[in-house]
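This report concerns only the one structure given below.
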C-alpha cells in the first residue's frame, strides 16, 4: 500500500479524530530510541499546532524535555491493541521496546531508516535559500533523524516548540512538520478508511484500555448503529461536509466581526473628536470663522492617538480605507492581511465615520444655526460650505475663498487649487501618514540566530501563527497622532487635510441629509468628492510600496535575516573546509602569562544545529605541555567529560588566536554550557611579594560543543540574550579581582598558618570569597585545580611609599566581599539559616615595610545577625520587618558566631544603630539573640561581646569627639586582640587573636568611619567619613595602624589629634575610597560625607554631592536593584536556567515607555478639560502648558506621598528581582 504526503494545510485533520498514537523518538546520534503510547493529544488550531501531555517521570520525557526535539506520532490499526498496551505498560529505561516486541521500523513515510552513526558529511554550497527551501531542508533533516513504525497507517513528523511542567506532567506545545498516510486512509480531506477498501480501521481512544475504531460508513444511520455498538465512526458524506462547513463559516466570521467592531469604534472616536475640534473652532468663536490651524491639528492628533490606542488590540487600528488597502497589498504586512477582510474593514470604517458625523451634527446643530444667521448663510447655497466645514472636505479651505464678511477680503479663488493639485496633495500627505503607520506597526525584527530559529515557523506557509496586532512599541499611538497633527497643520489651507476617504464620506453624507444638499455631496465642485477618495488611495498604495521596497530591506525581515544568516554560516563553513586540514578550526589563545585555548571543528553537516558546533574545545596550559580537552557531550552532562592530555609541541597548532587571562567558570544557559573566559584585565597593584592582583574588565562566553544544540523559541532566544548581556555587560563595575600568585581570599595570618601544608590556591581558597566556585565545579570535582582561578568582588588599593620617622612602608588595603549571602541594600538583609549575613565584608590593612616585615590587621562588617527585612516600597526609609522567631534567630546566630570564632578568635560586636523607633526594636532583638545564645553556649559567652553605641545620638551636631566614649568601651578588647606580624625572615612574630565586627543598618557609612578610627586612631585625627556605618571601621583602622607602626605614644590623648600629617592625608584618601567602593557594591552610589573624610571639614560641594547621592540611591534602590540582584545571582551561579520554565522576565514592572504613555494620556485629558473650560478661546500653547504643569503637579504629589509613606502602589512600581526570590523583599514577617 503506497504512502501519500498530506498537504500542510490539512495536517491538523490527522489529529481531529483523536487517534491513539505510538510516539517514537530517536537521539541525534541514532544510538538510542524509545516508544510510548500516548492519547492525550489536542489540536489547538487548524495550522498544525497541538498540545500533548506525558508524565515527567516517564523515560520518554527525558528525550522530550526540551524545545526542538523531533519525534513521530504513529497511528496503529485494529489488531495492534496488545502491542499498544504492551508498549504503554513498560518503561524504556528497562527494556528496548523495539527489540522486545519485534517492532518493524522505517523512516517517516515508509522510507529506509538511516544509520546516523555512519552519516557522511554533506558539503555546503554557496547559494541563496528561499523560505520554502529552508523549510524543506529542515523537514529532510528531521526525517533523517527520526524513526517510525512500518505497520502503522499514518506518520506525523512533529517538533517540540515549548515545554512547561505542571503538577508532575510535561505539557508540550508541538508543531506538525509533515505527515504521511496510507493511500486507503486519505481522501484529500478526511483521515478515514475509504469505501471499497479492505483495510483495518485505526484506533481511537475511549477510555483506559478501551479503544474505538474509525471505519467507513455509508449513511448517518450506519454511524448511529456503530455508535450503539461501542464503535466510533466518521462519515464523509456531502451533508456532513456542508454542515461542518457552515459551522466553520460561522466560527470564522466571529473574529472578523470583533475586528470590524474595533474598526467601527476606533473610526468613530477618530472622526468624532477630529470633526468636533473643527466645529469647536469654527462655530464657537466670536466674529468671523477663523482657521485655528493649531487647534484643529492638535484635535486631530489627539483623536488619532486615542483611536489608535483603542483599536490596536482588536484590529490593528487601520481606521482608514487607504491604510487597509496599503496593508492588504503589502507582502510584509503582519501575518499577511487577508484580502477578503478588506471590504468588511472599509464598510465599518465608513459606518463609524458616518455615525461620528451624525453625533457631531446633533451636538453642534444649534451652534451651526446661529453661525449661519450671523453670516447670513443659506444652507445649500454656494457659500454655505463655510457652515459645512466640519462635514467633509473641500479645496481650497472655504474660509480662504469666502472670507468676505466684516470687511475681510477673499485670499484665494476656487480655481487656485486644481483637481490634479488636490489629488497630488492628498496623495502626498497620505503617503507620509501611511509610511508612519506601517513603521510603528511593523513588528520588531529578529537577527542572527534568533531570526533563523524563528524562521522555521515562518517557512511553514499556512502553519504560521499570526503575530499579535499590537504595535511594536507602546508609543505607537503617540507617533501616529503626531504625524496626523503635523500633516493637518500643513495641509489644512489647501485641502483641509482629509487623508481618509471614510472621514470625508461619512460626515459628507450626514451633511447632505441635513440640508446642504449638493454642496455636501458630491461637493461644491462636482468632482471634489472623488478627489478625497482617489488621492488618499493612491498615496496609501505608494506609501506602502515605499515601505516595502525601501524601508523593509533596511529592517530585514525575519525570514530574510534567516536566509542571510544561513548563507553566512555556509560561506564560513566552506572557508573553514578549504583552509584547514581535516576540517579543523583552531582558536589558539595566547598571551603573556595567560592561558592558551584551541577550539576545533569536526565534520561540517548541512544541518545548521550541527554546523554551528565544534567537536571539542581544547585549552592549552601557558607553561606546562598540558591541554584541557572538552569533547562534544550531552547538553545535560555537567561533568562535560573534561580530560587532560600531554602535548609534545604546541607550536604547530594553527587557527584563530585570542588572548585571555583566566577562566571564570561554566554557565549553563538555555542553549547549553558556555565557557566564561576573562579576555581583558588590568593590573591593579603589585602587592605582597610583588604578586600581581588584577581586575576583570571583559568577560566573554564561548558555547561549549554539545551533542544536540536545542532549538529555542523566540522568547527563549530573547531570554538567552538577556542572560548573556547580564553576565558580560559592564562586568568591570562588579570589581572582580584575581591573582595567580597570591591567595587573595585569605588574610596574611591564615596564609601563614597553611605553612605549605595545603595545595594550590584554588584548593585552599576561602569559600566565603570564592565567587566563581559554583561555576568551576566541573573542574574542581575532577581536581583540575591548575585551571581554576578564584575570583572575588573586592576593593584593592596600594598607597605610595610612606615614611614615618625611620620607617619606610606602603599600605595595602583589601576589602573582601563575601558571596555567601550577597545582594543589594533592600533585597538582602539580616542572616540566613546557615549563619551567613548580608553585606559581609572583611577588610585587611597590610603594612609592607622596606626591610621585609609584613603586618596585618583585620576587621569585619556585616548585617544585623537576626532575621529581618526592609523591602523597598518607594518610601525613602522603608519599614523594618522582623522574623519574630527567637529560636530561629538564636540558632542562626550560633552558627554565625562559631564561624567567626573559628576564623578570627574572640569577637567584639559594635552595633551602631539608633536607640529609637524601628532601629531600637531591631537592636533589642539583636541584643536578646546574643544574650540567649551566650546563655545556651559557654563558648559564645566567653568569646563574644556586644557594645551598642548610638552613633547618630552621640555624634549629632558634628560632635565627633564623643567617639572617645566608644574607644573607652572597647579599648581593652581592641588592644588585647593585637595584630599579625611576620618578620623579614618569614617567622611569625605575633597573631591577631580577635576581631571587631561592626554593623549599623546598611553597614556602610557609620561602619566605615568607626573602622577607620579603629585602624588609625593613634596616628591621625579622624576626619569622619559618611554618616555612620563607615565611621566605626575607620576609627579602629586608625588605632591599629599606630600599633602596626609601633607608635604607641599616639594612642594616648585625644582621639581626634595626630602629629603625622603626610600619613593623615593618605589614610583619609584610601579609607574614603574604601567607603565609596563598598557603598557602590551595596547601595549603588558612593558613600556620604566623604568630603569630611577626605578634607576634615564639611563643604558646600560635599553637601550637594550628598544630596545627589541620596537621590541617586533612592532611584537605584527602587528601580535598579532588582536587576543588579539578578546579575549577582547569575555571576554567583545561584540561578539555574531551564527551557521547561516560563520566562522569568515576563512579570517585570511597568516599562518606562508604558509609564510615559500613561502620563501623556493624563496630559491629553487635562488638555481636553482646559479646552472645554475656556471654550477654545485661550492660545493652544497656553492650554498645553497648563495641562503639562497640572500633570507634573499631580505626579509630584503622588511621588511625595510614595516617598513619605510608601504603599501598595509603590510596591508595584518597584523593580524586584526576577530570577531568585529574596527574603530581603519579604513583608510577611512581623513588624
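Residue numbers (our numbering): 1243 to 2473. Glycine is no exception: its CB is placed at the ideal position from the N, C-alpha and C atoms.
### Query
Near residue 1584, which residues of its chain fall below 8 Å by C-beta distance, leaving aside the five closest residues on each side in sequence?
1566, 1567, 1570
### Message
Using only CA atoms, which one of 1540, 1915, 2155 lies nearest to residue 1952?
### Response
1915
### Bounding residues of the beta strand (DSSP E) (the contiguous stretch that carries residue 2211)
Where residue 2211 is concerned, there is no enclosing beta strand (DSSP E), although the alpha helix (DSSP H) it sits in stretches over 2205-2219.
### Residue(s) in a DSSP beta bridge with residue 1401
1312, 1417
### Message
My output table needs one value for residue 2103: the three-state DSSP class, helix, strand or coil.
### Response
strand
### Task
Starting from the Cα of residue 2236, find the closest Cα among 1639, 2185, 1352 and give me that residue.
2185
### Task
Using 10 angstroms around the beta-carbon of residue 2092, count the other beta-carbons present and answer buried if the total reaches 16, otherwise exposed.
exposed
### Message
Taking a contact to mean a Cβ-Cβ separation below 7 Å, would you say residue 1505 touches residue 1554 in this structure?
### Response
no
### Query
For the alpha helix (DSSP H) that residue 2193 lies in, which residues bound it at each end?
2193-2196
### Query
Shortest alpha-carbon distance to residue 1399 belongs to which of 1745, 1393, 2066, 1419?
1419
### Query
What first and last residue would you give for the alpha helix (DSSP H) that runs through residue 2119?
Premise fails: residue 2119 is in no alpha helix (DSSP H) and is neither H nor E.
### Query
On the premise that residue 1633 lies in contact with residue 1762, defined as a C-beta separation below 8 Å, what is that separation, rounded to the nearest angstrom?
6 Å
### Message
Quick check on DSSP: helix, strand or coil for residue 1842?
### Response
Because residue 1842 carries a pLDDT of 36, less than 50, the predicted location of this residue cannot be relied on, and the following value inherits that uncertainty. Correct three-state label for residue 1842: strand.
### Supposed close pair residue 1595, residue 1749 - CB separation, criterion 8 Å
6 Å
### Message
As an exercise, report each continuous beta strand (DSSP E) stretch of at least 3 residues that is fully enclosed by the segment 1924-1950, in chain order.
### Response
1934-1945
### Task
Would you kindly report the start and end of the unbroken beta strand (DSSP E) that includes residue 2037?
2034-2040
### Task
Would you kindly work out how many angstroms separate the C-alpha atoms of residue 1372 and residue 2320, rounded to a whole number?
56 Å
### Query
Under a three-way DSSP split, which group does residue 2004 fall into?
helix
#### Entry: Rounded C-alpha distance that separates residue 2244 from residue 2105
7 Å
### Task
Count the other CB atoms, across all protein chains shown, that sit within 10 Å of the CB of residue 2303; report buried if there are 16 or more and exposed otherwise.
exposed
### Message
residue 1501 and residue 1319 - do their beta-carbons sit closer together than 7 Å?
### Response
no
### Message
Quick check on this structure: which residue in 2239, 1499, 2081, 1277 has the alpha carbon closest to the alpha carbon of residue 1582?
### Response
1499
### Query
Is residue 1406 helix, strand or coil when you go by DSSP?
strand
### Query
Whose C-beta lies closer than 6 Å to the C-beta of residue 1255 among residues of the same chain, with five residues either side of it excluded?
1433
### Message
In this structure, how does DSSP classify residue 1493 when only helix, strand and coil are distinguished?
### Response
Residue placement at residue 1493 cannot be trusted, given a pLDDT of 41 that sits under 50; the coordinates are not used to answer.
### Query
Among 2323, 2036, 1559, which has the Cα closest to the Cα of residue 1981?
2036
### Task
Return helix, strand or coil for residue 1894, following the three-state DSSP convention.
A caution first: residue 1894 carries a pLDDT of 44, below 50, which makes its placement in the model unreliable, though a value can still be read off. Residue state, collapsed to three classes: coil.
#### Entry: Secondary structure of residue 1427, DSSP reduced to three states
helix
#### Entry: Buried versus exposed, by CB contacts within 10 Å (16 or more), residue 1608
exposed
#### Entry: residue 2107 and residue 2132 closer than 7 Å at C-beta
no
### Message
Quick check on the DSSP output: the beta strand (DSSP E) that includes residue 1279 runs from which residue to which?
### Response
1275-1280
### residue 1871 (DSSP reduced to helix, strand or coil)
strand
### Query
Can you tell me where the beta strand (DSSP E) with residue 2087 in it begins and where it stops?
2083-2091
#### Entry: Local conformation of residue 1258 per DSSP, three classes
coil
### Task
Kindly indicate which three-state DSSP category residue 1861 falls into: helix, strand or coil?
strand
### Query
Skipping 5 residues on each side, what residues in its chain have a beta carbon closer than 6 Å to that of residue 1957?
2385
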